[in-house]
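Have a look at the structure below, then the notes.
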Amino acid sequence: MPPITKTQFKIGLNCLLKLRHARPFGDRAKAYPQSASQNDMLRLLAEGGGAVEALWRQREPGYVGPVGREDAAEASMEAIRSAVERSRASGKMIPLYEITIMHGDFLARIDLLRVSEAKLQIVEMKAKSVQSGDATDAKNKILGAVGRDNNIATRTILQSWIPYLQDLAFQKVLLGQWLDVNGSKVGLRPDTAIEPGMILVNKSGSAKNEDTLGNFKTDYSIDKHGHTRAHVSYVGAGCPNTELLVEMTGMPAIITRIEEDARADDPAFTGKGISECMEMMANVIRKGQWPDAASRLTSSCKNCEFRTSGSAPNGFDECWGGPLVRYNLLTLPYVKSEQVASAITATTRRSAPACAARASDAPEVGDIRQRAAWHCMQCDPPVPIQAPGFSNVESRESKLRKGLPTEPCYFLDFECAPYPIPRRVGGKPYEWLPFQFEAHKLPSFSADLDQRVRLEGFLDL
257 MPPITKTQFK IGLNCLLKLR HARPFGDRAK AYPQSASQND MLRLLAEGGG AVEALWRQRE
317 PGYVGPVGRE DAAEASMEAI RSAVERSRAS GKMIPLYEIT IMHGDFLARI DLLRVSEAKL
377 QIVEMKAKSV QSGDATDAKN KILGAVGRDN NIATRTILQS WIPYLQDLAF QKVLLGQWLD
437 VNGSKVGLRP DTAIEPGMIL VNKSGSAKNE DTLGNFKTDY SIDKHGHTRA HVSYVGAGCP
497 NTELLVEMTG MPAIITRIEE DARADDPAFT GKGISECMEM MANVIRKGQW PDAASRLTSS
557 CKNCEFRTSG SAPNGFDECW GGPLVRYNLL TLPYVKSEQV ASAITATTRR SAPACAARAS
617 DAPEVGDIRQ RAAWHCMQCD PPVPIQAPGF SNVESRESKL RKGLPTEPCY FLDFECAPYP
677 IPRRVGGKPY EWLPFQFEAH KLPSFSADLD QRVRLEGFLD L
């Protein structure tokens with residue numbers, strides 16, 4: 257069977273039925289699509305993770321492994337063997353990126369593997385932000401209430417960090433199993449120490465000229481499943497002392513706790529460690545003994561990543577028995593709040609004042625996203641909306657704010673998202689970044705917003 261990847265393993269810990277959706281199954285030749293592939297903002301956030309990796313790689317250059325499965329695993333084994341020899345000769349740890357480890361039914365691509373004869377450091381790079389390089393620091397909110405004598409073993413691991421820790425713990429366990437079989441082939445002892453860590457975004461850092469957004473280049477490609485993939489590379493002059501990245505300490509003890517209890521959401525894995533979950537998951541797939549969907553349906557299904565739009569089959573409908581009538585009583589457990597809002601709006605027409613549709617002279621004071629979009633439009637307007645006189649304040653204000661009630665009204669709508677790499681010198685990670693805008697037209701200044709029409713040619717990323 258196709259190997260279970262680390263992403264699929266995490267999905268399986270959350271819900272075994274989702275794991276079935278994430279893999280070819282029965283007559284279905286490929287996995288069901290996920291909502292992230294249909295959402296520009298989620299793709300942008302994934303692109304942010306690629307930017308973090310690109311920034312660290314220019315700080316610590318090293319070998320980058322090929323993408324794939326069997327071929328990549330063989331090339332990775334040779335890269336580790338070579339790194340052991342180089343480390344033995346130099347006395348330094350050798351960094352390797354995108355190393356593919358495949359053992360038994362599982363496969364993992366390791367973001368950063370530092371190799372020496374005595375120790376392996378397995379490092380996961382994420383765009384998640386922290387305020388300290390120590391994982392046990394209360395400011396990072398990885399561990400909850402302080403236990404006895406600030407003991408890591410007695411402090412709660414906060415739920416928002418569980419998926420990241422499961423990811424790293426799985427890689428550590430799989431690498432240990434791989435070493436038992438292949439250690440001698442690459443010059444390592446089967447019991448070579450494996451030390452886990454993370455490289456994350458330092459929320460208190462600020463950007464310099466060399467690590468602002470303009471130093472990165474993104475190339476897009478379409479994979480075999482038709483999904484858009486972003487490949488981010490650093491093209492700046494280099495910033496070996498960037499303040500935007502921090503490497504965590506204090507991880508081994510936390511990861512050991514996850515190894516012993518994976519904190520899985522799926523009831524089949526409650527209280528089980530990573531190794532036992534791996535064995536059970538592989539058996540479920542081999543034997544096809546999937547849980548009954550009716551026993552797993554809950555209100556949390558409304559946020560399922562396999563609940564995609566369009567008429568094509570999806571994993572959510574498979575679990576729930578096909579598309580159901582909208583707003584039927586039985587569908588309430590998974591109706592989203594915005595759907596309820598749109599239904600109320602459709603049945604209760606709002607009588608907004610005519611001025612509600614007009615372009616305002618300034619954004620709402622408390623809306624940081626509007627302020628970010630406004631600042632970018634004023635200081636660095638996108639090329640499609642630049643026009644003679646736009647830079648003249650009086651001319652711009654006249655065009656934007658004045659008009660007869662019967663004249664057409666034009667306005668811009670910006671979408672913003674938090675992004676780990678600041679766009680300006682002195683900027684902080686995860687400031688709001690406009691990533692998409694579109695132009696709209698109303699037939700008149702007094703028209704209701706329901707009558708707006710999006711102008712073709714003005715939608716851009």
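So the sequence shown is residues 257 to 717, counted in this note's numbering.
Ideal Cβ positions, reconstructed from N, Cα and C, are used throughout, including at glycine.
If you're wondering where the values come from, they're calculated on a predicted model, not measured in any experiment.
Practice item. Compare the C-alpha of residue 556 against each of 541, 259, 346, 572 and name the closest. Key: For this step, residue 556 is matched to residue 300 along the sequence shown. Checked all of 541, 259, 346, 572; the closest Cα to residue 556 is 572.
Exercise for review: Please report how far the alpha carbon of residue 449 lies from the alpha carbon of residue 426, in whole angstroms.
Suggested key: Translated into the one-based positions of the sequence shown, residue 449 becomes position 193. Translated into the one-based positions of the sequence shown, residue 426 becomes position 170. The alpha-carbon atoms of residue 449 and residue 426 are separated by roughly 16 Å.
Point to revise | Start and end residues, beta strand (DSSP E) containing residue 434 | key: Along the sequence shown, one-based indexing puts residue 434 at 178. Taken as a continuous stretch (DSSP letters only), residue 434 belongs to no beta strand (DSSP E), being part of the alpha helix (DSSP H) at 418–438.
Exercise for review: Pull up the distance between the alpha-carbon of residue 317 and that of residue 680, whole angstroms please.
Suggested key: Counting from 1 along the sequence shown, the entry for residue 317 is found at position 61. Counting from 1 along the sequence shown, the entry for residue 680 is found at position 424. Distance between the alpha carbons of residue 317 and residue 680 is about 25 Å.
Exercise for review: Might you give, ordered along the chain, the residues of its own chain that have their beta carbon closer than 8 Å to the beta carbon of residue 349, omitting 5 neighbours on each side?
Suggested key: Walking along the sequence shown from the start, residue 349 turns up at place 93. These residues qualify, in order along the chain: 343, 370, 371, 372, 375, 377.
Point to revise | Residues that residue 503 bridges to, as DSSP identifies them | key: Start at 1 with the first residue of the sequence shown, and residue 503 comes out as number 247. 455.
Practice item. Kindly give me the distance between the Cβ atoms of residue 221 and residue 325, rounded to whole angstroms, as I take these residues to be in contact under 8 Å. Key: There is simply no residue 221 to check, as the chain begins at 257 and stops at 717 in what is shown.
Review point. To which residues of the same chain is residue 465 closer than 7 Å at the C-beta, ignoring the five residues directly before and after it?
Key: As a working note, residue 465 is residue 209 in the sequence shown. 681, listed in sequence order.
Exercise for review: Can you check the stretch 501–547 for any beta strand (DSSP E) of at least 3 residues that lies completely inside it and give the ranges in chain order?
Suggested key: 501–503
Practice item. Using the Cα positions of residue 467 and residue 442, report the straight-line distance between them to the nearest angstrom. Key: Position 211 of the sequence shown, counted from the first residue, corresponds to residue 467. Position 186 of the sequence shown, counted from the first residue, corresponds to residue 442. Spanning the two alpha carbons is a distance of roughly 37 Å.
Review point. Between residue 269 and residue 260, what straight-line distance do the alpha-carbon atoms span, to the nearest angstrom?
Key: Walking along the sequence shown from the start, residue 269 turns up at place 13. Walking along the sequence shown from the start, residue 260 turns up at place 4. Residue 269 and residue 260: Cα-Cα distance of roughly 12 Å.
Check your understanding: Along the chain, where does the beta strand (DSSP E) that runs through residue 718 open and close?
Key -> Because the chain in this structure spans residues 257 to 717, residue 718 falls outside the shown range and cannot be described.
Check your understanding: Which stretch, first to last residue, makes up the alpha helix (DSSP H) that contains residue 274?
Key -> For the purposes of this step, residue 274 is taken as residue 18 along the sequence shown, with counting starting at 1. It spans 272–277 - the alpha helix (DSSP H) in which residue 274 sits, taken as one unbroken run.
Exercise for review: Put residue 348 into one of helix, strand or coil per three-state DSSP.
Suggested key: Within the sequence shown, residue 348 is the residue found at index 92, counting from 1. Coil, per DSSP.
**Study point:** Assigned secondary structure, residue 468 (DSSP; H/G/I helix, E/B strand, else coil)
**Key:** Here the question's residue 468 lines up with position 212 in the sequence shown. The answer is coil: DSSP assigns residue 468 none of H, G, I, E or B.
**Study point:** Bounding residues of the beta strand (DSSP E) (the contiguous stretch that carries residue 671)
**Key:** Reading the sequence shown from its first residue, position 415 is the one you call residue 671. From DSSP, the beta strand (DSSP E) with residue 671 extends over 665–675.
Review point. Do residue 664 and residue 199 come within 8 Å of each other at the CB atom, strictly closer than that value?
Key: Residue numbering for the chain in the displayed model covers 257 to 717; residue 199 lies beyond these limits and cannot be assessed.
**Study point:** C-alpha distance - residue 674 paired with residue 469, whole-angstrom precision
**Key:** As a working note, residue 674 is residue 418 in the sequence shown. As a working note, residue 469 is residue 213 in the sequence shown. Rounded to the nearest angstrom, the two C-alpha atoms are 13 Å apart.
Practice item. For the stretch 519–526 and the stretch 320–335, state whether three or more C-beta atom pairs, one from each stretch, are separated by less than 8 Å. Key: no
Exercise for review: Specify the secondary structure class of residue 614 as computed by DSSP and reduced to three states.
Suggested key: For the purposes of this step, residue 614 is taken as residue 358 along the sequence shown, with counting starting at 1. Any answer about residue 614 is weak, because its pLDDT of 33 lies below 50 and its placement is not dependable; what the coordinates show is given next. Three-state DSSP puts residue 614 in coil, outside helix and strand.
Check your understanding: Is there contact here, the stretch 496–511 with the stretch 454–463, by at least three beta-carbon pairs under 8 Å?
Key -> yes
Check your understanding: Going by the C-beta, is residue 503 closer than 7 Å to any heavy atom of the ligand HEM?
Key -> As for the ligand HEM, it is missing from this structure, which has no ligand bound.
Practice item. Can you give me the Cβ contacts of residue 440 inside the same chain, cut-off strictly under 6 Å, excluding the 5 residues immediately before and after it? Key: Here residue 440 refers to the residue found at position 184 of the sequence shown. No residues qualify anywhere along the chain.
**Study point:** C-alpha distance - residue 303 paired with residue 386, whole-angstrom precision
**Key:** Start at 1 with the first residue of the sequence shown, and residue 303 comes out as number 47. Start at 1 with the first residue of the sequence shown, and residue 386 comes out as number 130. Near 19 Å, if we compare the C-alpha coordinates of residue 386 and residue 303.
Exercise for review: Within the same chain, show all residues whose beta-carbon is closer than 6 Å to that of residue 610, passing over the 5 residues directly before and after it, in chain order.
Suggested key: Against the sequence shown, residue 610 aligns to sequence position 354. With a pLDDT of 32 at residue 610, under the threshold of 50, the modelled position of that residue is not reliable, and the figure given next carries that caveat. The residues are 702.
Check your understanding: By Cβ distance below 7 Å, which residues in the same chain neighbour residue 707 in space, the five residues on each side in sequence not counted?
Key -> Here residue 707 is taken as the residue at index 451 of the sequence shown, counted from 1. Here the set comprises 698, 699.
Point to revise | Residue interval of the beta strand (DSSP E) (run including residue 367) | key: Here residue 367 refers to the residue found at position 111 of the sequence shown. Counting along the chain, the beta strand (DSSP E) containing residue 367 begins and ends at 362–371.
Review point. Is it the case that the Cβ atoms of residue 510 and residue 430 are separated by a distance below 8 Å?
Key: The sequence position of residue 510 within the sequence shown is 254, counting from 1. The sequence position of residue 430 within the sequence shown is 174, counting from 1. Their beta carbons are not under 8 Å apart, which means residue 510 does not touch residue 430 by this criterion.
Check your understanding: Going by beta carbon distance, what residues of the same chain come within less than 7 Å of residue 452, once the five residues before and after it are set aside?
Key -> Your numbering for residue 452 matches position 196 in the sequence shown. Counting only Cβ-Cβ distances below 7 Å, and skipping sequence neighbours, we find 378, 424, 428, 507, 508, 511.
Practice item. May I have the straight-line CA-CA distance separating residue 672 from residue 485, to the nearest angstrom? Key: Here residue 672 corresponds to residue number 416 of the sequence shown, with the count starting at 1. Here residue 485 corresponds to residue number 229 of the sequence shown, with the count starting at 1. Those two C-alpha atoms are separated by around 20 Å.
Practice item. Would you decide whether residue 608 is buried or exposed? Buried here means 16 or more other CB atoms lie within 10 Å of its CB. Key: For the purposes of this step, residue 608 is taken as residue 352 along the sequence shown, with counting starting at 1. Legend: pLDDT at residue 608 = 37, less than 50; position of this residue unreliable, no value from coordinates given.
Review point. If you draw a straight line from the C-alpha of residue 565 to the C-alpha of residue 306, how long is it?
Key: What you label residue 565 is simply residue 309 of the sequence shown in a count that begins at 1. What you label residue 306 is simply residue 50 of the sequence shown in a count that begins at 1. So the two alpha carbons sit approximately 26 Å from each other.
Practice item. Determine the closest residue to residue 454 out of 446, 309, 335, with distance taken between C-alpha atoms. Key: For the purposes of this step, residue 454 is taken as residue 198 along the sequence shown, with counting starting at 1. Cα-wise, what sits closest to residue 454 is 309.
Check your understanding: What residue range is occupied by the uninterrupted beta strand (DSSP E) comprising residue 380?
Key -> As a first step, residue 380 must be located in the sequence shown, where it is residue number 124. Note, residue 380: beta strand (DSSP E), 375–386.
Review point. What three-state label does DSSP hand residue 398 in the structure shown?
Key: Here residue 398 corresponds to residue number 142 of the sequence shown, with the count starting at 1. In the structure shown, residue 398 sits in coil (DSSP, three-state: anything other than H, G, I, E or B).
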